[in-house]
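Numbering (our numbering), first residue to last: 3 to 253.
Below, the structure is given as structure tokens:
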């Protein structure tokens, strides 16, 4: 994982840049000035200053990332909700992205490929993995979790969960559209999603596990093809400030 900055301009055609961000770093920078009025109001509705700060850092880093790749000022980045509510760039999107966060960790995927989905979860023991899997996963996936040692079942469940979430987020679908309609037992294999009449056409995706920090699991999904991920770390004040200064100069 590199702590340098990716080159300005769109990522290479076969690359998905994955940014790892510490949401508790960089909060000394004037990130609130990069947010829209609506985003500032949303930050003000959080119950604690820490949660508000993490939201501001996460949204500002998204805007800085998009501005860095598009070579524009962060305030010129216009976001909108897609047909099914998935955030995207307004207009004809040359750059696709997806965001996931848990606690102080955020992951953002940027790519010039088509849609992408990413998900991260903290590993914890108090997850009712078997109960949730029995209700919402396929029978084979549930059996995979059940076959693990009791102390490993939460991890197995979360590994499957982030893969499923990544596929759903890439496709624009939601959990209510059917977690049990596809399997993600083996990362790297193509996942086929069937048509949902009047809502979604059929689509295919490849989901891969990501090298997440200790205590986390993460996965990423994109259309089948010869793509690879490239990891970038923004996990301290210095790296985030360097990005901020670079983007503000370019913009």
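For each residue, glycine too, the CB sits at the ideal point set by N, CA and C. Bear in mind that the values here come from a model prediction, so they are computed numbers and not experimental data.
Considering only the alpha carbon of each residue, which of 179, 174, 159 lies closest to residue 186? 159
Buried or exposed for residue 77, please, with buried defined as at least 16 other CB atoms from any protein chain shown within 10 angstroms of its CB. exposed
Taking the C-alpha atoms as reference points, what is the distance between residue 38 and residue 58? 11 Å
In whole angstroms, give me the CA-to-CA distance for residue 74 and residue 33. 16 Å
Over the uninterrupted beta strand (DSSP E) stretch that includes residue 257, give me the two end residues. This structure leaves residue 257 out entirely; the chain is present only between 3 and 253.
Under the rule that 16 or more other beta-carbon atoms within 10 Å means buried, what is residue 222, buried or exposed? buried
Just to confirm before moving on: does the CB-CB distance between residue 54 and residue 45 stay below 7 Å? yes
Would you check if the distance between the CB atom of residue 140 and the CB atom of residue 182 is smaller than 7 Å? yes
Would you tell me roughly how many angstroms separate the C-alpha atoms of residue 72 and residue 151, rounded to the nearest one? 47 Å
Drop a sphere of 10 angstroms on the beta-carbon of residue 199, count the other beta-carbons inside from all chains shown, and report buried for 16 or more, exposed for fewer. Annotation note: pLDDT 47 at residue 199 (below 50); position unreliable, coordinate value reported separately. Residue 199 should be labelled exposed.
Would you identify the three-state DSSP class for residue 24, choosing helix, strand or coil? strand
Can you give me the C-alpha to C-alpha distance between residue 97 and residue 50, rounded to a whole angstrom? 33 Å
Suppose the cutoff is 7 Å on Cβ atoms and the five residues either side in sequence are ignored; what does the same chain contact list for residue 82 look like? 90, 92
The beta strand (DSSP E) enclosing residue 211, as first and last residue numbers: 205-212
Between the CA atoms of residue 169 and residue 119 - distance to the nearest angstrom: 6 Å
Alpha carbon to alpha carbon, what distance is there between residue 112 and residue 240? 22 Å
Backbone secondary structure at residue 123 - three-state DSSP: strand
Residues near residue 67 by beta carbon distance below 7 Å, same chain, minus five either side: 21, 110, 112
Measure the CB-CB distance between residue 18 and residue 192 and report whether it falls below 7 Å. no
Would you kindly work out how many angstroms separate the C-alpha atoms of residue 122 and residue 252, rounded to a whole number? 31 Å
Going by C-alpha to C-alpha distance, which of 13, 236, 102, 227 sits closest to residue 114? 13
Per DSSP, residue 103 is paired with what? 108
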